[in-house]
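First the structure, in the form of structure tokens, and then the observations on it.
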Amino acid sequence: MAKILIVEDNALNIKLFCDLLAAHGHQPEAVTDSRNALDKARELQPDLVITDIQLPHVSGLDLIRMIRKDDQLARVPIMAVTAYSAQGDEERIRAAGAQAYVSKPISVMRFAQTVDELLAAPNAEDPTGKSQESWANEGDGGPGPGEAGGEES
Ligand code: MN
2 MAKILIVEDN ALNIKLFCDL LAAHGHQPEA VTDSRNALDK ARELQPDLVI TDIQLPHVSG
62 LDLIRMIRKD DQLARVPIMA VTAYSAQGDE ERIRAAGAQA YVSKPISVMR FAQTVDELLA
122 APNAEDPTGK SQESWANEGD GGPGPGEAGG EES
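Have a look at this one:
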């Protein structure tokens, strides 16, 4: 399960992306107003950011650049989604700092596959993969080291 931040101003797309990601076992969170996106990303520390390019206020390209300049977020994978893919768009998007790019209307399979690839890609640092954090499983304050069974040879 991955935390995925979606920045998208279109309600139908938000629903589509969220449903799709949730169906793949992820935890999507959407921001409609791109002016709030950077704060939300800092708060959420997502495993992946999916951003629309055509956004009012702060464009997707500007948002990507802002994320890349942010100390805490600089290494988060970014997937751009865009309705108009003119010549050179992909280059601009990649130059801004996104790893992947999917055009709208999205192909559900390509969307899901790209998400999987980005989540699987090793981060620039820390190849040990901190993706599998083990939450919970610890009772409330029980002191004992609760190893079950396990004989030593
Ligand atoms: Mn849009």
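Using my numbering, the letters of the sequence shown map in sequence onto residues 2 to 154.
Ideal Cβ positions, reconstructed from N, Cα and C, are used throughout, including at glycine.
These figures come from a predicted structure and were not determined experimentally.
Review point. Closest to A96 by CA distance: which of S104, K105, M80 and S108 is it?
Key: Of the listed residues, the one whose Cα sits closest to A96 is M80.
Worksheet item: Just how far apart, CA to CA, sit A121 and L17?
Response: Each residue's CA atom was taken as its position, placing A121 and L17 some 22 Å apart.
Return yes when at least one heavy atom of the ligand MN lies under 7 Å from the C-beta of D34, else no. no
* Asked: Of all residues in the structure, which have a C-beta closer than 5 Å to any heavy atom of the ligand MN, taken in chain order?
  -> D10, D53 and Q55
Can you tell me whether E9 is buried or exposed? The criterion is at least 16 other CB atoms within 10 Å of its CB, across all chains shown. buried
- Task: Helix, strand or coil for E9, going by three-state DSSP, please let me know.
- Result: coil
Is the separation between the beta-carbon of L62 and that of S35 shorter than 8 Å? no
Query - CA nearest to the CA of R93, picked from D72, I54 and E118 - result: I54
Quick one: what does DSSP say Q28 is sitting in, helix, strand or coil? strand
**Message:** Within 10 Å of its beta-carbon, does V74 have 16 or more other beta-carbons around it, so buried, or fewer, so exposed?
**Reply:** First, the residue type needs correcting, since residue 74 is Leu and not Val in the sequence shown. L74 should be labelled buried.
ask   = With a CB to CB cut of under 7 Å and the five nearest residues on each side skipped, what residues in its chain are close to V103?
value = M80, V82, R111, F112 and T115
Identify, in the order they occur along the chain, each residue of the same chain with its Cβ nearer than 6 Å to the Cβ of L6, setting aside the five sequence neighbours on each side. E30, A42, L45, P47 and V50
Measuring alpha carbon to alpha carbon, tell me which residue in Q88, E91 and A99 is nearest L64.
A99
Exercise. Using the beta-carbon count (16 or more within 10 Å), is L13 buried or exposed?
Worked result: exposed
#### Entry: Backbone CA spacing between Y85 and D72 [nearest angstrom]
30 Å
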